[in-house]
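J.: Mature numbering (1 follows the signal peptide of the UniProt record, and there is no 0) puts the sequence shown at residues -22 to -1, 1 to 291. Yeah, the Cβ is synthetic: ideal placement off N, Cα and C, and Gly gets one too. Predicted model only: the values in this text are computed from it and were never measured. Here it is: the structure, laid out below.
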Amino acid sequence: MRTLTGTAALAAVAAATLTACGNVSFGSGHEDRSYSAPAGATKLRIEGTSDRIVVTASDSPGIEVSERLRWSNDKNKPKVEHVTEGGTVKLTAKCGGQAIGIGMSSCGVSYRVRVPRSLPVEVESRDGRIDASGLSGTVRLHSENGSIRATDLNASSVSLVSQDGSVRISGRVTTADIRSQNGSVNANGLTAGTLKVRSADGSIRLSGTATVADLRSENGGVHATGLTTDRLTARSSDGGIDLRLAAPPKAVDAEAESGSIKLCLPPGDEGYAITAHSVDGGKDIDPGIHEDSRSDRKIKLSTRDGGILVAPY
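In structure tokens, the structure reads:
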């Protein structure tokens, strides 16, 4: 294990001293640091308590890191570590002990990291936003409390998970698994081989190309606009489903518990075997859609509480 070294600039300001069942000294400040890892690293991993993490791809062979430590009192200054273990550059941050008082304890670390484009990147953040751009290696970004934005990707495998925040992705990926417990998912402009999206509380929006797409929202609508796909599955427990496809699909399976379903198919001579069922709502298949029960292109639409519309796009 090797510890990375660099330069640091410190700015700390003493604030006050309070006496309450003993003496507690409060001070606030920040510290800026920068350092680099030698060429040859095989992975970057960042974990811990962070304000914001920004990872940007570059054409340089090494890893360059800028970090800012922030604290509100002399008891909770962040503890950071940066080491190289078996080719993995590992950056960790942890806040110190908490001070007495409400609104007086604040601690965090912000990272700005430049990495080679093909370097695999993993981030586990407990508190803060994650931004990544231009990466072409495997990408794994997880945040317990913050949004995630991954743009201009050209990656083989991507995993984006936010427990409390929105998720946005664009670029080209072979496989992508995107999940948000409390926030929307936006995948506009994405090209994917296999795409899986889950949202517990928020809408899903998708455009671009996905050979196989599986979109599921527990509380929010599912929207696909100008999408090219072979196989599309869409589920919404509480919200409408609106699918507008730019090319004839091989299979569409959409189901809404409480909401309408609208499917727009491209004009042409393609025939579709369509099954549509609504427990409490109307069903309308536009005459411009060629229905053919013997077609290999299967459309299955079902809703318990809402109407169904199939029309030309």
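Got a sec? Which residues, its chain only, sit under 6 angstroms from L287 by beta carbon, not counting five neighbours each side?
T.: Cβ within range, chain order: K240, D262.
J.: Going along the chain, which unbroken runs of the alpha helix (DSSP H) with 4 or more residues stay wholly within the stretch 27 to 99?
T.: Taking only runs of at least 4 residues, no alpha helix (DSSP H) segment lies wholly in the stretch 27 to 99.
J.: For D258 and A289, I'd like the C-alpha separation in whole angstroms.
T.: Roughly 20 angstroms between the two C-alpha positions.
J.: Tell me whether the stretch 88 to 98 and the stretch 20 to 34 touch, counting them as touching only if at least three CB pairs, one residue from each stretch, are closer than 8 angstroms.
T.: Yes, since at least three Cβ pairs between the stretch 88 to 98 and the stretch 20 to 34 fall closer than 8 angstroms, the two stretches touch.
J.: Do you know how far the Cα of S6 is from the Cα of T(-6)?
T.: Summary for T(-6): the model assigns pLDDT 29, below 50, so the residue's position carries little reliability; its value from the coordinates is reported in the next sentence. Those two C-alpha atoms are separated by around 12 angstroms.
J.: Tell me which same chain residues have a C-beta within less than 8 angstroms of the C-beta of G81, skipping the five on either side of it?
T.: Because the pLDDT at G81 is just 48, under 50, the model does not fix this residue reliably, and the value given afterwards should be weighed accordingly. For G81, where only same-chain residues beyond five positions count, there are no Cβ hits under 8 angstroms.
J.: State the DSSP-derived secondary structure class of A(-7), mapped to helix, strand or coil.
T.: The predicted position of A(-7) is uncertain, since its pLDDT is 29 and thus under 50; a value taken from the coordinates is nonetheless stated next. Three-state DSSP puts A(-7) in a strand.
J.: Would you mind sorting S3 into buried or exposed? The rule is 16 or more other CB atoms within 10 Å of its CB.
T.: Since pLDDT at S3 reaches only 41, below the 50 mark, its modelled position is unreliable, and the value read off the structure follows with that caveat. Flag for S3 reads exposed.
J.: Could you check which residue in E42, P244, K228 has the C-alpha nearest to that of R275?
T.: Among E42, P244, K228, the Cα nearest to that of R275 is on K228.
J.: If you count every other CB in all the chains shown that lies within 10 Å of the CB of D264, and 16 or more means buried, which is it?
T.: Exposed.
J.: Could you tell me how far apart the beta carbons of S185 and L205 are, in whole angstroms, since I believe they sit closer than 8 angstroms?
T.: Right, the Cβ-Cβ distance comes to about 6 angstroms (below 8 angstroms), so this counts as a contact.
J.: Can you give me the C-alpha to C-alpha distance between R11 and D130, rounded to a whole angstrom?
T.: Roughly 28 angstroms separates the two Cα atoms.
J.: Could you tell me whether the Cβ of L243 comes closer than 8 angstroms to any Cβ of chain D?
T.: As a matter of chain content, chain D is missing from the structure shown, which is built from one protein chain.
J.: Would you please state the rounded distance, in angstroms, between the beta carbons of S236 and R282? I believe it to be under 8 angstroms.
T.: Confirmed, Cβ separation roughly 7 angstroms.
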